[in-house]
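Working notes, structure below.
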Amino acid sequence: MTVQGTLAPITNQNTLADIVTARLREAIIQGKLKPGERLAEPSLAAELGVSRSPVREALVRLESERLVSRQANRGFFVWEPKEKDVDEILSLRVMMESLAAELVLANLTDEDFDRLEEIYQTQKKLVELGEFLRLTREDRHFHDYCVVRSGNSRLVNMWGQIMSQWEVLIYRRIERFPTVSKTVLSDHRLILDTMKQKDLKKVVELHRTINARVGQEMKDALRQALI
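In short: position in the sequence shown from 1, add 775, done, that's the numbering used here.
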């Protein structure tokens, strides 16, 4: 069963698979396509106004991001987060962000900090506007920065594999508990100010502390079926 009437038809015929992938990813992040929901290619294609081919390609891409899973003889289903997923994602985040900090922190320039400050200020405006989907994207941009700046292609690829699922978790957490958006903002302010000190030990410890708290909050919400 798929959600009917939630996905606007696609009129731009360029790079259809990319467009369909982005549209379905956004629908999963926002919960328009529900955790555990079966994704029927014909229904999705009809809703989006495209053929089944780009829909199938999009589902395969989303499978690589672990936003959907494929079951033999049953098709594709939306990822359904469990407490174990939260633990695994956050433990990997801590390790990868710590490695990224080790690789780049000493070499970050004023230009780098200006860019991070721009992202932070954008987030601040989005919190005021209650634009939670865009805030989720900017949250990722903030955390992506040092990983990408490291220039380590394998680290970047591994990071990308967990961050799509992270976007699902963080968006739903913020949407259901709007005050969390202000906590995200204060966390990022603290991270940025600590990075400016270029004290690797403090940055790593801060990542651990914040991720531990966020992980516990997410698991508590999962137990209550709130995300």
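Ideal Cβ positions, reconstructed from N, Cα and C, are used throughout, including at glycine.
Residue environment, residue i, which counts as buried when at least 16 other CB atoms sit within 10 Å
| i | result |
| --- | --- |
| V989 | buried |
| E855 | exposed |
| R845 | exposed |
| E886 | exposed |
| T984 | exposed |
| K1003 | Because the chain spans 776 through 1002 in this model, residue 1003 falls outside it and cannot be assessed. |
| S925 | buried |
| P829 | buried |
| D889 | exposed |
| A876 | buried |
| R998 | exposed |
| K994 | buried |
As assigned by DSSP and simplified to three states, the class of residue i
| i | result |
| --- | --- |
| Q898 | helix |
| V853 | strand |
| L997 | helix |
| L782 | coil |
| I794 | helix |
| L883 | coil |
| F888 | helix |
| M776 | In this prediction, M776 has a pLDDT of 48, which is less than 50 and means its spatial position is unreliable; nothing more can be read from the coordinates. |
For residue i, the first and last residue of its enclosing alpha helix (DSSP H)
| i | result |
| --- | --- |
| R929 | S928 to R951 |
| V959 | V955 to K971 |
| V825 | Looking at the DSSP string, V825 is not in any alpha helix (DSSP H), and its letter there is neither H nor E. |
| D974 | Run containing D974: none; DSSP gives neither H nor E here. |
| K807 | Premise fails: K807 is in no alpha helix (DSSP H) and is neither H nor E. |
| E913 | F907 to R924 |
Residue i to residue j span [Cα, whole Å]
| i | j | result |
| --- | --- | --- |
| L960 | S873 | 20 Å |
| A815 | G850 | 7 Å |
| T781 | K807 | 7 Å |
| M776 | T954 | In this prediction, M776 scores a pLDDT of 48, lower than 50, which makes its location untrustworthy; no coordinate-derived value is stated. |
| T897 | A847 | 43 Å |
| Y920 | N927 | 12 Å |
| S826 | E980 | 49 Å |
| I803 | E822 | 15 Å |
| L904 | E950 | 13 Å |
| V923 | L891 | 13 Å |
| L819 | R841 | 19 Å |
| K857 | I864 | 11 Å |
Start-to-end residues for the beta strand (DSSP E) that takes in residue i
| i | result |
| --- | --- |
| R841 | Looking at the DSSP string, R841 is not in any beta strand (DSSP E), and its letter there is neither H nor E. |
Residue i: CB within 7 Å of a non-hydrogen atom of the ligand SAM
| i | result |
| --- | --- |
| L975 | Absence of the ligand SAM is noted for the structure shown, with no ligands found whatsoever. |
Across the region 926 to 936 and the region 881 to 899, are there enough close Cβ pairs to call them in contact, namely three or more that are closer than 8 Å?
no
Across the region 831 to 841 and the region 791 to 799, are there enough close Cβ pairs to call them in contact, namely three or more that are closer than 8 Å?
yes
Could you check whether the region 939 to 947 touches the region 797 to 811, counting it as contact only if at least three pairs of C-beta atoms, one from each stretch, sit closer than 8 Å?
yes
With a cut-off of 8 Å, do at least 3 Cβ pairs link the region 903 to 912 to the region 963 to 973?
no
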